[in-house]
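J.: The working numbering puts the first residue of the sequence shown at 17, with every later residue one more than the last. Mind looking over this structure? Questions follow.
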Amino acid sequence: MKVIFSTLVLIALTLTACGEAGDRAEARTAETPSASASAGAGAANTGTPDAPRKLTWDDLMPVGESKILKELMQEHMTRVSDIREGSAKDEMVQIGTFNVVESLDGQHVRIPGYVIPFNFNKTNEYSEFLLVPYAGACIHAPPPPPNQIVYVKADKPVKVESIWDAVWVEGGLKTQKHEDALSDAAYTLTLTSLEAYQ
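Structure follows, in structure tokens:
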């Protein structure tokens with residue numbers, strides 16, 4: 017029962033986090049006009065430290081990825097339908113791919129999300145963490161697909177007031193995967209700033 021509930025939560029949260037990314041992605045090119053416009057008037061589409069390109073989580077999903085994700089989730093549901101709650105196979109798994117939007121590689125970006133530290137500490141200061149689209153991902157809910165997670169690294173630890181409050185992160189984005197026991201990420205961001213989401 018727990019597996020079925022966890023899987024249903026995973027599906028609902030992933031589809032909520034991704035919105036209708038695939039449907040919108042199929043109708044757009046890799047360089048979205050709305051994302052370009054949000055970078056500011058006259059700014060290059062790749063973003064600059066003075067005018068970073070604002071991204072949404074949908075922007076991280078390649079064209080056609082929504083369809084692939086739905087198929088992977090259906091396969092997962094078939095596999096877990098007979099798993100008993102509390103058994104060794106009753107676990108939250110990450111479903112998805114490392115498929116990325118290649119044109120985002122090397123861009124200076126700004127994206128909102130929630131911080132998931134690898135190791136919690138009393139100071140709430142971290143030099144590396146995962147950025148996810150919804151609160152509690154990877155902790156109380158299954159992790160989103162790898163291409164909906166950004167591995168963030170900073171030169172110096174940054175203060176995170178609460179993992180339950182959204183933040184803006186800004187920095188150089190790479191289509192570079194990061195694999196970890198907590199969750200895998202398809203993107204890596206070198207942090208230049210972190211601030212509360214408003």
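A virtual CB, placed ideally from N, CA and C, is assigned to each residue, including glycine.
1) Between the stretch 147–167 and the stretch 93–105, are three or more C-beta pairs nearer than 8 Å?
2) Pairs of beta-carbons, one from the stretch 129–144 and one from the stretch 102–114, closer than 8 Å: are there three or more?
3) List the endpoints of the continuous beta strand (DSSP E) containing ILE127.
4) Quick check: is the beta carbon of ILE165 nearer than 8 Å to any beta carbon in chain C?
5) For the stretch 65–148, which segments carrying the beta strand (DSSP E) assignment without a break, of at least 3 residues, lie completely within its bounds, in sequence order?
6) So LEU198 is in the beta strand (DSSP E); what residue range does that whole segment cover?
7) Mind reading off the beta-carbon distance from THR191 to ASP121? Whole number of angstroms is fine, and I expect it under 8 Å.
8) Using the three-state DSSP reduction, which class does PRO159 fall into: helix, strand or coil?
9) In angstroms with no decimal places, state the Cα-to-Cα distance between SER143 and SER103.
10) Pick from PHE145, GLU141, ARG126 and MET89: whose alpha carbon is nearest that of PHE134?
11) Are ASP200 and PRO162 closer than 8 Å when you measure CB to CB?
12) What are the partner residues of SER209, as DSSP defines its beta bridges?
13) Output yes or no for whether 8 Å exceeds the beta carbon distance between VAL166 and TYR203.
14) If distances are taken between C-alpha atoms only, which option among LEU85, GLU141, VAL185 and LYS193 comes closest to PRO68?
15) Quick one, which of LYS193, GLU87 and PRO173 has its alpha-carbon nearest GLU118's?
T.: On the basis of the data shown:
1) Two segments are said to touch when three or more pairs of C-beta atoms, one from each, lie closer than 8 Å; by this definition the stretch 147–167 does not touch the stretch 93–105.
2) no
3) Unbroken beta strand (DSSP E) run through ILE127: 124–133.
4) Considering every chain present, this structure includes no chain C. It has just one protein chain.
5) Counting only runs of 3 or more, we get 124–133 and 141–148.
6) Premise fails: LEU198 is in no beta strand (DSSP E) and is neither H nor E.
7) 4 Å
8) coil
9) 36 Å
10) PHE145
11) yes
12) GLU186
13) yes
14) In this structure, VAL185 is the residue among LEU85, GLU141, VAL185 and LYS193 with its C-alpha nearest to the C-alpha of PRO68.
15) LYS193
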